[in-house]
Amino acid sequence: MRTVDRVLALVLGLAGLALGIVVVAEVVQGLLGRSGHLLVPYEGVATWLREHTWASGAVLTISIVVGVVGLLLLVLELKPRRKTLLVVQGEDDDVVTAISRTGVGRALEQSVSGLAGVDSTRSTVTSRKATLVVRTPLRQSAELDAQVRERAGSALAGLGLASAPSLSIDLQEVSA
Amino acid sequence: MSASALAPVTRTPGAVRTNRAVLIVLGLLLLALGVLGTLLGLGVLGSAQADRTVVDAAVDDVARMGWFWPVVGVVALLIAVLSARWLVAQAKTDRLSRIRLDDDQQTGRTLIDGSAITHAVEDEVGDLPGVTRASAHLSGSPSAPSLHLRVKLDGRVDPAQVHRAVTGTTLPHLRQALELDRLPTRVELDIPRENARSLG
């Protein structure tokens, strides 16, 4: 969201700056008693606004669109920011160490990637739950399941997270 | 109790806060305008209002008053100035170029170049086993700095071991060298996509 906000800030900032300057220029032009526009031909818009009522379809549509855009913007900005870093337990109060959720997922995947019978891995980590999907061509995968649980569990514990997510293993059979 | 999850660090915390605040205000403004226009158009505020043109004689009467256009000009100028400040805010970072070690009227003031500190930390952490690269920066104020350290691991060493080495050796060294009692630090351990062992 920070990136979206940054882009919006640049676009709206430039638009606001340009609009402000143009309006000031047009106002000064009008106050000096000169007729017509200086920079932007606004007469067409003024005529359109004089011809359309609030109940007209076009004005009503514009109003609804503006309201929806405002509501969307408000909801997106008020939504709490995603906390993508998980804190590692530490003894020094002045030091906070963290690992990204992606990094935790990578650690889990790497812990089992060398096991015989593991075809591919995929992980999803939130602050509460870490899911490791392991694909295997093995038909009898009980032993592999135990090994994966043991290795992934050790890897997660080894990270020393202050509040480790619960680990969920999903062993999926794929055709050899 | 400290948090168990954090948001990523940004170079421009001021801009992030400003953007959020301005966009909330803009969102509120657009929502209010949209709701007002919709209520007017649907006749909720009276059918006479709904049948009025957006710019009618009453609006023209106000526009003909002597104060109207100067006020519009001032508001537009204000919008331009605020927009320019909003744009400038995007470039402001919280990075510190120097930190203040002593500030005594008798003995004088001692300043130290921030890059000298961060390079020393980067070198020391970069030499730790299991670390590919380290990058550091200082933020906060010259008299109360804080350190941010990003450590890219190679996957050969347990992240907890690197964490212990950084917090148990590197940071105490730094505090001792700077004669600082406290140096709030945030360390981010970056685990690689492929570990060095699997790459051979």
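From first to last, the protein sequence lines are chains A and B.
Take the first sequence: its position 30, counted from the start at 1, is 30 in the working numbering, and no numbers get skipped.
Take the second sequence: its position 87, counted from the start at 1, is 1087 in the working numbering, and no numbers get skipped.
Even for Gly, the Cβ is constructed at its ideal location relative to N, Cα and C.
Determine the chain B residues that contact A:A9 at a beta-carbon separation under 9 angstroms, and present them in chain order. A1015, T1018, N1019, V1022, L1023, W1086, L1087, A1089, Q1090
Assigned exposure category for A:Q203 - 16 Cβ within 10 Å defines buried: Nothing about residue 203 of chain A can be reported from this structure: the residues present for chain A run from 1 to 176 only.
Just to confirm the assignment, what range does the beta strand (DSSP E) spanning B:T1110 have? 1108 to 1113
Identify, in the order they occur along the chain, each residue of the same chain with its Cβ nearer than 8 angstroms to the Cβ of B:P1192, setting aside the five sequence neighbours on each side. T1132, K1152, L1153, D1154, G1155
What separation, rounded to the nearest whole angstrom, lies between the Cα atoms of B:A1048 and A:T53? 10 angstroms
Applying a beta-carbon distance threshold of less than 8 angstroms, which residues of chain B neighbour A:Q29? Ordered by position in chain B, no residue passes the 8 angstroms Cβ test against A:Q29, which lies about 10 angstroms from the chain.
Using 8 angstroms as the threshold, is the C-beta distance between B:S1083 and A:G44 below it? no
Between B:M1001 and A:A162, what straight-line distance do the alpha-carbon atoms span, to the nearest angstrom? Because the pLDDT at B:M1001 is just 46, under 50, the model does not fix this residue reliably, and the point stays unresolved.
Check the Cβ-Cβ distances between A:Q147 and every residue of chain B, and say whether any is below 8 angstroms. no
Which bits of chain A does B:H1163 rub up against, with CB to CB less than 8 angstroms? V88, G90, T97, G160
Using a cut-off of 7 angstroms between C-beta atoms, extract the partners of B:D1158 located in chain A. G158
Please check if any C-beta of chain B sits within less than 8 angstroms of the C-beta of A:E150. no
Please classify B:T1053: does DSSP put it in a helix, a strand, or coil? strand
Excluding the five sequence neighbours on either side, which residues of its own chain have a C-beta within less than 7 angstroms of the C-beta of A:V125, listed in chain order? R101, V104, G105, P165
Given a cut-off of 8 angstroms on the beta-carbon distance, is the pair B:T1110 and B:L1096 in contact? no
Using 8 angstroms as the threshold, is the C-beta distance between B:S1135 and B:E1124 below it? no
A:Q172 - partner residues in DSSP beta bridges: A:R135
Would you be able to state if there are at least three C-beta pairs under 8 angstroms between the segment 131 to 150 of chain A and the segment 92 to 99 of chain A? no
Inspect the CB distances between the segment 60 to 67 of chain A and the segment 1029 to 1043 of chain B and report whether three or more fall short of 8 angstroms. yes
Pull the bridge partners of A:T53 from the DSSP assignment, please. B:T1053
Rank B:A1032, B:A1005, B:L1149, B:L1138 by C-alpha distance to the C-alpha of A:V180 and give the top, closest one. The displayed coordinates of chain A run from 1 to 176. Any statement about residue 180 of chain A would go beyond what the structure contains.
Contact under 8 angstroms by Cβ, B:R1098 with B:P1142: yes
Any beta-carbon of chain A closer than 8 angstroms to the one on B:I1191? yes
Of all the CB atoms in chain A, is at least one closer than 8 angstroms to the CB of B:S1004? yes
If you reduce the DSSP assignment to three classes, tell me which class B:V1157 lands in. coil
Can you give the beta carbon distance from B:L1023 to A:D5, rounded, assuming they're within the 8 angstroms contact cut? 6 angstroms
With distances taken Cα to Cα, identify the nearest neighbour of A:E192 among A:G160, A:L171, A:V75. Look at the range of chain A in this structure, 1 to 176, and you will see that residue 192 of chain A is not part of it.
Of all the CB atoms in chain A, is at least one closer than 8 angstroms to the CB of B:Q1176? no
Host beta strand (DSSP E) of B:T1132 (start-end): 1131 to 1141
Name, please, each residue of chain B whose Cβ falls closer than 9 angstroms to the Cβ of A:T84. A1005, L1006, A1007, P1008
If we cut at 8 angstroms on Cβ distances, does B:S1143 have a partner in chain A? no
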